[in-house]
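**Q** For the numbering used here, add 844 to where a residue sits in the sequence shown, where the first one is 1. By construction, the Cβ of each residue, glycine as well, lies at the ideal position given by its N, Cα and C atoms. Let me begin by handing over the structure; questions about it come next.
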Amino acid sequence: MLFRGQDTSESLFPEDSSMRTQVAILGAGPAGLLLSQLLSLHRIESIVLEKKSRSYVESRIRAGVLEHGTAQLLCDAGVGERMKKEGLRHEGINLGFSGQLHRVNLSELTQGKAVTVYGQHEVLKDLIAARLRDGGQILFEVDAVSVDALLTKEPCVRFRYQGENLELRSDWLAGCDGFHGVCRPSIPPEALKVFEKTYPFGWLGILAEAAPSWDELIYAYHQDGFALFSMRSPTVTRLYLQCDPDEDLSKWPDERIWENLERRLSFVGPKKVRRGKVLQKGVTSMRSFVVEPMRHGRLFLAGDAAHIVPPTGAKGMNLAVGDVWFLARALDFFYSQGRTDLLESYSENCLRRVWKTQRFSWWMTTMMHRFERHDEFEHRRQLAELDYVTGSVAASTALAENYVGLPWAG
Ligand SMILES: Cc1cc2nc3c(=O)[nH]c(=O)nc-3n(C[C@H](O)[C@H](O)[C@H](O)COP(=O)(O)OP(=O)(O)OC[C@H]3O[C@@H](n4cnc5c(N)ncnc54)[C@H](O)[C@@H]3O)c2cc1C
845 MLFRGQDTSE SLFPEDSSMR TQVAILGAGP AGLLLSQLLS LHRIESIVLE KKSRSYVESR
905 IRAGVLEHGT AQLLCDAGVG ERMKKEGLRH EGINLGFSGQ LHRVNLSELT QGKAVTVYGQ
965 HEVLKDLIAA RLRDGGQILF EVDAVSVDAL LTKEPCVRFR YQGENLELRS DWLAGCDGFH
1025 GVCRPSIPPE ALKVFEKTYP FGWLGILAEA APSWDELIYA YHQDGFALFS MRSPTVTRLY
1085 LQCDPDEDLS KWPDERIWEN LERRLSFVGP KKVRRGKVLQ KGVTSMRSFV VEPMRHGRLF
1145 LAGDAAHIVP PTGAKGMNLA VGDVWFLARA LDFFYSQGRT DLLESYSENC LRRVWKTQRF
1205 SWWMTTMMHR FERHDEFEHR RQLAELDYVT GSVAASTALA ENYVGLPWAG
């Protein structure tokens, strides 16, 4: 049997349509693909199963800000070459309010650290290319996926692939299948505790063919609501507006979007938002979500399968990367030294960082958005908070060290 997207013509399946690997990974997002790459560096075998096609995964526009540690880990994992050439290193971000821009110098406040602007789909292209080049196994367009035997020593994934019903058995199962995947719902509800918060607004985002007017990101607080100016490359701008959570996109023709962006992103100085052809438009809801624990038997949850953050802190993809850094290390200790202690503490270690990141994303969200349009006390309080954060070295250092990313451990 041949596999789409693979260089090898060898069949993975023995006659009975079942197969085995050390780690079965569900989902070819940042969590699943990076885990597979890190495991291969430790000579641990894995097979990645992905519901969507390779071209879909490689063109899905999502996150784009890599923490310092994420960029470093991609380089250490051998997939950072193109990112180093094409990614944009940002040593600062701007907070905009009351018509003024205030720069937070990330590098100066964090002993030289920075973030890298490089699209999530570009990271995925690099990871897929590396896995396939090294003979890694990724099965795209699998269907009817279910997981079973999670509390045994050989968990099992059943799925349909190229018209056949197949079964994958493994030592461990990594649930990297995102918020809507099958892994988390396969855990009995009584074994999980769910923490959830929804926000009374969403983000209307556009991708535009326009050279960025500013060199660095701008998080803008405005009487009409939040706006974010960001970029994906020297020719593509990514812009967001606070909107209703169930906003009807048909009420937002391009002209209305640009007018709102221009108003909310208007600051002293000659620079203005540069308009361009709108390449993509969409509304994202905002929620904070965590399940505890992030493990059930031999199933480990990682990334969006276990937690969601509002995008204001640019943390979703970075949290997924942090989880699989822990998991790859724990599996390496298991296979190389027979140690199970890091597997046992996986959930606890991840959750410590997840909750700190939830806190930061919640804080950025509450500081930058308008909750009640007519609540003047809140408005004044938020302005005072922004004034304090941008005026105090201690407060801007706290923002900077969270924005470039907290250490993986400790
Ligand atoms: C619209 C959108 C915009 C975003 N924008 C930002 C942003 O600006 N900044 C930011 O920091 N974060 C952003 N995020 C969050 C960030 O993209 C995610 O946190 C990140 O993708 C998490 O990676 P992951 O690998 O855990 O999950 P995902 O990237 O969701 O990957 C999960 C994969 O599993 C696959 N899958 C699902 N079900 C199955 C199944 N049953 N079997 C096999 N495969 C399955 C999916 O197709 C997917 O490829 C955004 C997310 C969304 C949805």
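Please report the distance separating the alpha-carbon of S899 from that of Q866.
**A** Taking the straight line from one Cα to the other gives about 27 angstroms.
**Q** Got a sec, what are the start and stop residues for the alpha helix (DSSP H) I972 sits in?
**A** Per DSSP, I972 belongs to the alpha helix (DSSP H) from Q964 to R977.
**Q** Roughly how far, in whole angstroms, is the beta-carbon of G1046 from the beta-carbon of M1130, given that I think they are within contact range, below 8 angstroms?
**A** With a Cβ gap of about 6 angstroms, G1046 and M1130 count as contacting.
**Q** Given a threshold of 16 other Cβ atoms within 10 Å of its Cβ, counted over all protein chains shown, does Y962 qualify as buried or as exposed?
**A** Y962 should be labelled buried.
**Q** Round the Cβ separation of S897 and E985 to the nearest angstrom and send it over; I've been treating them as touching at under 8 angstroms.
**A** Indeed they touch by this definition, with Cβ atoms about 5 angstroms apart.
**Q** Following the continuous alpha helix (DSSP H) through Y1247, name the residue where it begins and the one where it ends.
**A** Where Y1247 is concerned, the enclosing alpha helix (DSSP H) stretches over V1237 to Y1247.
**Q** Buried or exposed: where does C919 fall if 16 or more other Cβ atoms within 10 Å of its Cβ makes it buried?
**A** Per the 10 Å Cβ criterion, exposed.
**Q** Starting from the Cα of P1029, find the closest Cα among M1138, S1014, E930 and A958 and give me that residue.
**A** The candidate whose alpha carbon is nearest that of P1029 is M1138.
**Q** Roughly how many angstroms lie between the CA atoms of V1237 and V1117, to the nearest whole one?
**A** Roughly 29 angstroms separates the two Cα atoms.
**Q** Rounded C-beta distance between L1012 and I891? I'm assuming under 8 angstroms.
**A** About 6 angstroms separates the two Cβ atoms, so the contact holds.
**Q** Nearer than 7 angstroms: is that true of the beta carbon of E894 relative to any heavy atom of ligand 1?
**A** E894: yes, Cβ under 7 angstroms from ligand 1.
**Q** Can you find a heavy atom of ligand 1 that lies under 7 angstroms from the Cβ of Q881?
**A** No.
**Q** Could I get the ranges of all uninterrupted alpha helix (DSSP H) runs contained in the segment 1116-1141, with 4 residues as the minimum, in chain order?
**A** Within the segment 1116-1141, no complete alpha helix (DSSP H) run reaches 4 residues.
**Q** Quick one: give me the first and last residue of the alpha helix (DSSP H) that H912 is part of.
**A** Unbroken alpha helix (DSSP H) run through H912: H912 to D920.
**Q** Given this structure, state the Cα-to-Cα distance separating Q1067 from I982, to the nearest angstrom.
**A** Approximately 48 angstroms between the Cα atoms of the pair.
**Q** Is it the case that the Cβ atoms of V989 and P999 are separated by a distance below 8 angstroms?
**A** Not closer than 8 angstroms, so no.
**Q** The beta strand (DSSP E) with R1074 in it runs from where to where?
**A** Here residue 1074 turns out to be Ser, not Arg, going by the sequence shown. Segment A1071 to S1077, the beta strand (DSSP E) holding S1074.
**Q** Could you check if K895 is buried or exposed, using at least 16 other CB atoms within 10 Å of its CB as the buried criterion?
**A** K895 comes out buried.
**Q** Quick check on the DSSP output: what are the complete alpha helix (DSSP H) runs of length 4 or more inside the segment 1153-1199, in order along the chain?
**A** Entirely contained in the segment 1153-1199, the alpha helix (DSSP H) runs reaching 4 residues are, in chain order, 1160-1181 and 1185-1188.
**Q** Between G963 and ligand 1, is the CB less than 7 angstroms from at least one heavy atom?
**A** No, ligand 1 has no heavy atom inside 7 angstroms of this Cβ.
**Q** Can you give the Cα-Cα distance for K1041 and S861, rounded to whole angstroms?
**A** The straight-line gap from Cα to Cα measures roughly 43 angstroms.
**Q** Compute the beta-carbon to beta-carbon distance between A1071 and L1017, rounded to the nearest angstrom, for a pair I have assumed lies under 8 angstroms.
**A** In fact, because the Cβ distance is near 41 angstroms, the residues do not count as touching under 8 angstroms.
**Q** Please report the straight-line C-alpha distance between K1091 and D1148, rounded to a whole angstrom.
**A** In the sequence under discussion, the amino acid at residue 1091 is Glu, which differs from the Lys named in the question. So the alpha carbons of these two residues sit roughly 23 angstroms apart.
**Q** Could you check the C-alpha separation between F1111 and I1062 for me, to the nearest Å?
**A** Computed Cα separation, rounded: 11 angstroms.
**Q** For S890, does the three-state DSSP call read helix, strand or coil?
**A** Note: S890 maps to strand in three-state DSSP.
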